[in-house]
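Notes to accompany the following structure.
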Amino acid sequence: MLRRVRVANLRLAILICALGALSESLFYTALAPLLDQLDAAEGFNHEQAGLLVAGYAIGYWAGALPAYVIVERIGPRATATAGVTAVAVATLLFAYGDGYATLLGARTLVGAGSVVAYTGVLTAAGAMAGPERRGGAIGTVYSGSAAGSAIGPLVGALASQFGRTPVFSAVAAGQAVIAVLLSRLPSTTGDPLPSPRAVLRHLRSRQVRIGLWITSVPGFALGVLTVSGTYRLHELGAGSIVVASAFSGIAIINVFLAPRLGHASDRLGRRKPLMLALVVAAIAIALIAAVSLEVSTVVLIAIAGAFMLTVAGPGLALIGDGIIKGGGDPAGATFLMNVFWGPAAALGAIGAGLVHGRITAEVSFLLLAAVAGASALAVRRYA
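Printed below as a string of structure tokens:
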């Protein structure tokens, strides 16, 4: 729990934190419009594409524990600055790198830097805002992350048209500027966070476990949609701009949908809103497998991805509720979510690459629809 510090211009400081979140999330969603072009240029197959998409999640998982530890040891300002700097370096490596191993390494480094950056900016925003403004500050940071997710596919589309080197070099330069701005934020000090071991003990709680499942499902879904959804659109004749519109649509719809689902879960309890979102997502995903029209597929990918993303907020609340019931500090909820999100997202992308490459895209989508449906049943029974 971090103590509040006095900030001369709080609004500007929170905006800088939001820019930090934007800079780390942008690269995550930028890859989809580039996959087909990278396939042609580098000659890798669907399975390798799945691993490339998963590289971000693997790095995110690897960085989750270090991020949790260093934010306490060196403070949120230094943590955020280090994370965004790592993302900028990795983006530059992706801009100039050739060969599958280099691209995979860059993607993995981006993931590790992203979880460090996101942990830092969220903690810094909360500390500067104080208890009475913390919710609004964190919401602003979330908005920055959502904006980055929406802009990322457009950046990928630009790179497919004008080349990776100039576009991602410009992105890296912007990230470097944001890192400098973050380094100028006020320094914060705070009370010790619960140890990772103490947080992991809360896995004994069924409520925490179901919350972790719910927060991991969106990562799994986006891994599948990024690989199988992108290739499905290319098979239907879509170009990079159309692919970008599908994945930007996910983020844009989620910006409007997530707060409403969150408010509904506060009023009605976690169960009903979560079940509704998961059922809608399952139907949309199943329809992707059934239709063969470009426009319909774009719309369905956007709807399915957005509804899957919306469950993360109530799922995180479930984790926090379970930790509080166990007498713990809810600050550990985000750490637990980060630890489990990475493997789920990696599994989704790698699995989609294997299934799509060796069987068909339809099977990949139907498996994802089954996961969404099973998650709705799990929420009904256990949440």
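Counting from 1449, one number per residue, gives the positions in the sequence shown under the working numbering. We put the beta carbon where it would ideally sit given N, CA and C, even for glycine.
Which stretch, first to last residue, makes up the alpha helix (DSSP H) that contains residue i?
i	result
residue 1633	Where residue 1633 is concerned, there is no enclosing alpha helix (DSSP H), given that its DSSP letter is neither H nor E.
residue 1718	That residue, residue 1718, is in no alpha helix (DSSP H); it is neither H nor E in DSSP.
residue 1807	Taken as a continuous stretch (DSSP letters only), residue 1807 belongs to no alpha helix (DSSP H), as it is neither H nor E.
residue 1642	Unbroken run through residue 1642: none, as it is neither H nor E.
residue 1755	1742-1758
residue 1675	That residue, residue 1675, is in no alpha helix (DSSP H); it is neither H nor E in DSSP.
residue 1484	1483-1490
residue 1458	1458-1478
Nearest-angstrom Cα distance between residue i and residue j?
i	j	result
residue 1466	residue 1460	10 Å
residue 1644	residue 1534	24 Å
residue 1462	residue 1568	12 Å
residue 1642	residue 1720	32 Å
residue 1481	residue 1677	11 Å
residue 1618	residue 1513	30 Å
residue 1739	residue 1745	7 Å
residue 1591	residue 1702	10 Å
residue 1520	residue 1458	22 Å
residue 1621	residue 1717	44 Å
residue 1556	residue 1506	6 Å
residue 1599	residue 1692	9 Å
residue 1490	residue 1603	20 Å
residue 1606	residue 1828	43 Å
residue 1596	residue 1660	24 Å
residue 1547	residue 1797	20 Å
residue 1471	residue 1542	15 Å
residue 1484	residue 1578	46 Å
residue 1658	residue 1560	25 Å
residue 1794	residue 1714	31 Å
Mind checking residue i: buried by the 16 CB within 10 Å criterion, or exposed?
i	result
residue 1696	buried
residue 1767	buried
residue 1733	buried
residue 1711	exposed
residue 1544	exposed
residue 1757	buried
residue 1730	buried
residue 1743	exposed
residue 1611	exposed
What is the DSSP secondary structure of residue i, reduced to helix, strand or coil?
i	result
residue 1522	coil
residue 1611	coil
residue 1649	helix
residue 1819	helix
residue 1667	helix
residue 1680	helix
residue 1778	coil
residue 1581	coil
residue 1714	helix
residue 1691	helix
residue 1686	coil
residue 1507	helix
residue 1546	coil
residue 1703	helix
residue 1739	coil
residue 1493	coil
In terms of alpha-carbon separation, which member of the options lies closest to residue i?
i	options	result
residue 1835	1764, 1707, 1635 and 1760	In the structure as shown, the chain begins at 1449 and stops at 1831. Residue 1835 is therefore absent and cannot be evaluated.
residue 1775	1751, 1760 and 1649	1649
residue 1687	1608, 1531 and 1829	1608
residue 1781	1792, 1769 and 1790	1769
residue 1494	1785, 1674 and 1830	1674
residue 1474	1594, 1814 and 1801	1594
residue 1806	1464, 1496, 1469 and 1486	1496
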